[in-house]
Amino acid sequence: MKKQAIIVGAGPCGLSAAIELERIGISCTVIERGNIVDAIYHYPTHQTFFSSANLLEIGDIPFICKDLKPRRQDALVYYREVVSRMNLDVKPFETVTSIDKEDGRFTVTSHHERHGTTVRTADYVVLATGYYGRPRNLDVPGEELPHVSHYFKEAHPYYRQRVTVIGGKNSAVDAAIELEKAGAHVTVLYRGDGYSPSVKPWVLPAFDSLVRHEKVRYELETEIVRIETDRVVYRQYGVEKSVAADHVLAMTGYLPDHGLFAESGVTIDDETGVPSFDEDTYETNVEGLFIAGVVAAGNDANKIFIENGRFHGKAIAETLRERNGVTS
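If you're matching positions, the sequence shown starts at 1 in the numbering used here and goes up one per residue.
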């Protein structure tokens, strides 16, 4: 009987894993709570990737792009094409609610808002759930207010608005630049003492120019105290200050959601958030349950990207090829 696998997460790394497993004869179903590459869809509209197009390729399908570094829209088109050409079985808008193992097989339960609950069984499970769905909270009073968001999509709604951006890395800097272009009055509050070394080198000069010409206010060594309906209160050099704000964008990063891991019996390191797994096979401490993509890095999302996480599926496929005695 043909072996079956369920991939949880239809990001580039999950799709890559599905392709590689299909190539060794394992039938795959990919379950995704949004639609394919949902995290990329939620990037800012004009987002440009760090990586060149060839470093985002999966399934040996060329990523043809007019620019060296593709934009968000280019990637969306490319990954849709990959799914179509490889005829991948993707179940969009289904949220996996539980993963159980009994007698060597997994039972995966998922829920669709309109179609209800579906139960599937499989020999293997690959968790490729990414990290973008769970913001790294500030844990300050007022963070739950309606004018506070951890996501930035498009600058236009903020025209002539006072916007406070919290954070100083790529997402914060990119947002600040786009907001200023759209006519927003921008203040950036960053806990660091200078520009973050992680900011993209081709973006930093533009941001630095805005700061030097006082088009963007940039406050360093700040600690957020609370968020009010019309201002952000922060502490700087021991003094409590505030800045008026119609909108607050807390661009403070994201964390993986370990709910499914813990429920499935996967051990998680309390300090690093790294699941217990073999670095050669990507198999967790639960036999037959693998991980792929940025979730393997735990709380440090700067270790694994599409360009290296896309190869996790090949390692998983090679492991299962040898285990099942599949000839090349």
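Beta carbons are placed, not taken as given, at the ideal position from N, Cα and C, and that holds for glycine.
query = What does a CB cutoff of less than 6 Å around residue 89 pick up in its chain, not counting 5 residues either side in sequence?
reply = Sequence index remark: in the sequence shown, residue 89 carries index 89 (1-based). Cβ contact annotation for residue 89 (same chain, cutoff 6 Å, sequence separation greater than five): 29, in chain order.
query = Going along the chain, which unbroken runs of the beta strand (DSSP E) with 3 or more residues stay wholly within the region 89-177?
reply = 94-102, 105-112, 116-122, 124-127, 162-166
request  = Out of 103, 55, 41, 60, point me to the one whose CA is closest to residue 73's CA.
outcome  = Along the sequence shown, read from residue 1 onward, the residue named residue 73 stands at position 73. The option with the nearest alpha carbon to residue 73 is 41.
message = Taking 8 Å as the cut-off, does the region 261-275 touch the region 286-301 (at least 3 CB pairs, one atom from each stretch)?
response = yes
key: Nearest-angstrom beta carbon gap, residue 131 and residue 255 [assumed within contact, 8 Å]   = As a first step, residue 255 is located in the sequence shown; it is residue number 255 there, counting from the start. As a first step, residue 131 is located in the sequence shown; it is residue number 131 there, counting from the start. About 6 Å; that satisfies the 8 Å criterion.
query = Terminal residues of the continuous alpha helix (DSSP H) containing residue 83?
reply = As a working note, residue 83 is residue 83 in the sequence shown. Per DSSP, residue 83 belongs to the alpha helix (DSSP H) from 72-86.
task = Give the C-beta separation of residue 298 and residue 278 to the nearest angstrom, bearing in mind that I take them to be a contact with Cβ-Cβ under 8 Å.
result = Walking along the sequence shown from the start, residue 298 turns up at place 298. Walking along the sequence shown from the start, residue 278 turns up at place 278. That belief does not hold up - the Cβ atoms of residue 298 and residue 278 are roughly 15 Å apart, past 8 Å.
key: Range of the contiguous beta strand (DSSP E) that encloses residue 32   = Position 32 of the sequence shown, counting from 1, holds the residue named residue 32. Per DSSP, residue 32 belongs to no beta strand (DSSP E) and is neither H nor E.
message = Given a cut-off of 7 Å on the beta-carbon distance, is the pair residue 6 and residue 122 in contact?
response = Taking the sequence shown and counting its residues from 1, one reaches residue 6 at position 6. Taking the sequence shown and counting its residues from 1, one reaches residue 122 at position 122. Against a cut-off of 7 Å, the Cβ pair of residue 122 and residue 6 comes out as a contact.
ask   = Nearest-angstrom Cα distance between residue 280 and residue 68?
value = If you number the sequence shown from 1, residue 280 lands on position 280. If you number the sequence shown from 1, residue 68 lands on position 68. If I take the Cα positions, the gap works out to 31 Å.
inquiry  = Taking its Cβ as the centre, do 16 or more other Cβ atoms sit within 10 Å of residue 85, making it buried, or is it exposed?
reply    = Stepping through the sequence shown from its first residue, residue 85 is reached at position 85. Exposed, by the Cβ-count rule.
inquiry  = Am I right that residue 12 and residue 306 are in contact with their C-beta atoms under 8 Å? What's the rounded C-beta distance?
reply    = Along the sequence shown, one-based indexing puts residue 12 at 12. Along the sequence shown, one-based indexing puts residue 306 at 306. Their Cβ separation, rounded to whole angstroms, is 5 Å, which keeps residue 12 and residue 306 in contact under 8 Å.
task = With a threshold of 16 other CB atoms inside 10 Å of the CB of residue 64, please say whether the residue is buried or exposed.
result = Indexing the sequence shown from 1 puts residue 64 at position 64. Answer is exposed; the Cβ neighbour count stays below 16.
key: Rounded separation between residue 22 and residue 34 - CA only   = Counted from its first residue, the sequence shown places residue 22 at position 22. Counted from its first residue, the sequence shown places residue 34 at position 34. Going from the Cα of residue 22 to the Cα of residue 34 covers about 22 Å.
ask   = Going by other Cβ atoms of all chains shown within 10 Å of its Cβ, with 16 needed for buried, is residue 237 buried or exposed?
value = Start at 1 with the first residue of the sequence shown, and residue 237 comes out as number 237. Taking every protein chain shown into account, the CB of residue 237 has fewer than 16 other CB atoms within 10 angstroms, so this residue is exposed.
request  = Determine which residues share a DSSP beta bridge with residue 4 and list them.
outcome  = To locate residue 4, count along the sequence shown from 1; it is residue 4. In the DSSP output, where bridge partners are listed per residue, residue 4 has 27.
query = By Cβ distance below 6 Å, which residues in the same chain neighbour residue 155 in space, the five residues on each side in sequence not counted?
reply = In the sequence shown, counting from the first residue as 1, residue 155 sits at position 155. Contacts found: 178, 179, 182.
Residue burial classification, residue 25 (beta-carbon count within 10 angstroms, cutoff 16) = One-based indexing of the sequence shown puts residue 25 at position 25. Around the beta carbon of residue 25, a 10 Å sphere encloses fewer than 16 other beta carbons of the protein chains shown; the residue is thus reported as exposed.
key: Host alpha helix (DSSP H) of residue 261 (start-end)   = If you number the sequence shown from 1, residue 261 lands on position 261. Element bounds for residue 261: 259-264.
message = On the criterion of 16 or more Cβ atoms from any shown chain inside 10 Å, does residue 213 qualify as buried, or is it exposed?
response = Within the sequence shown, the letter at position 213 stands for residue 213. Exposed, by the Cβ-count rule.
key: Cβ pair residue 170, residue 200 closer than 7 Å   = Here residue 170 refers to the residue found at position 170 when the sequence shown is read from its first residue. Here residue 200 refers to the residue found at position 200 when the sequence shown is read from its first residue. For residue 170 and residue 200, yes; Cβs fall inside 7 Å.
message = What would DSSP say about residue 290, mapped onto helix, strand or coil?
response = Residue 290 sits at position 290 when you count from the first residue of the sequence shown. If DSSP states are grouped into helix, strand and coil, residue 290 belongs with the strands.
ask   = Below 7 Å between beta carbons: does that hold for residue 37 and residue 79?
value = As a first step, residue 37 must be located in the sequence shown, where it is residue number 37. As a first step, residue 79 must be located in the sequence shown, where it is residue number 79. Their beta carbons are under 7 Å apart, which means residue 37 touches residue 79 by this criterion.
Where the alpha helix (DSSP H) through residue 56 begins and ends = On the sequence shown, residue 56 is found 56 positions in, with the first residue counted as 1. Where residue 56 is concerned, there is no enclosing alpha helix (DSSP H), given that its DSSP letter is neither H nor E.
inquiry  = What ranges does the alpha helix (DSSP H) occupy inside the region 218-283, keeping only unbroken runs of at least 4 residues that lie completely in it?
reply    = 259-264
message = Residues in the same chain with beta-carbon distance under 6 Å from residue 49, minus the five sequence neighbours each way, listed in chain order, please.
response = Translated into positions along the sequence shown, residue 49 becomes position 49. Cβ within range, chain order: 69, 70.
task = Identify every residue that forms a DSSP beta bridge with residue 185.
result = As a first step, residue 185 must be located in the sequence shown, where it is residue number 185. Answer by DSSP bridge pairing, in chain order: 162.
ask   = If you run the structure through DSSP and keep just helix, strand and coil, what is residue 211?
value = Reading the sequence shown from its first residue, position 211 is the one you call residue 211. DSSP places residue 211 in helix when its eight states are reduced to three.
query = Less than 7 Å separating the beta-carbons of residue 227 and residue 234?
reply = On the sequence shown, position 227 is the one that residue 227 refers to. On the sequence shown, position 234 is the one that residue 234 refers to. Taking 7 Å as the cut-off, the Cβ atoms of residue 227 and residue 234 do not count as close.
query = Excluding the five sequence neighbours on either side, which residues of its own chain have a C-beta within less than 6 Å of the C-beta of residue 27, listed in chain order?
reply = In the sequence shown, counting from the first residue as 1, residue 27 sits at position 27. Within the same chain, residue 27 has close Cβ partners 2, 4.
task = Might you give, ordered along the chain, the residues of its own chain that have their beta carbon closer than 6 Å to the beta carbon of residue 245, omitting 5 neighbours on each side?
result = Position 245 of the sequence shown, counted from the start, is the residue given in the question as residue 245. So the list reads 162, 164, 231, 232, once near-sequence residues are dropped.
ask   = Where do the N-terminal and C-terminal ends of the alpha helix (DSSP H) with residue 38 fall, by residue?
value = Position 38 of the sequence shown, counted from the start, is the residue given in the question as residue 38. Per DSSP, residue 38 belongs to the alpha helix (DSSP H) from 38-41.
key: Selected residue, minimal CA-CA separation from residue 18, among 325, 94, 318   = In the sequence shown, counting from the first residue as 1, residue 18 sits at position 18. 318 is the residue among 325, 94, 318 whose C-alpha sits nearest the C-alpha of residue 18.
ask   = Helix or strand or just coil, what does DSSP make of residue 319?
value = Here residue 319 is taken as the residue at index 319 of the sequence shown, counted from 1. The answer is helix: DSSP assigns residue 319 an H, G or I state.
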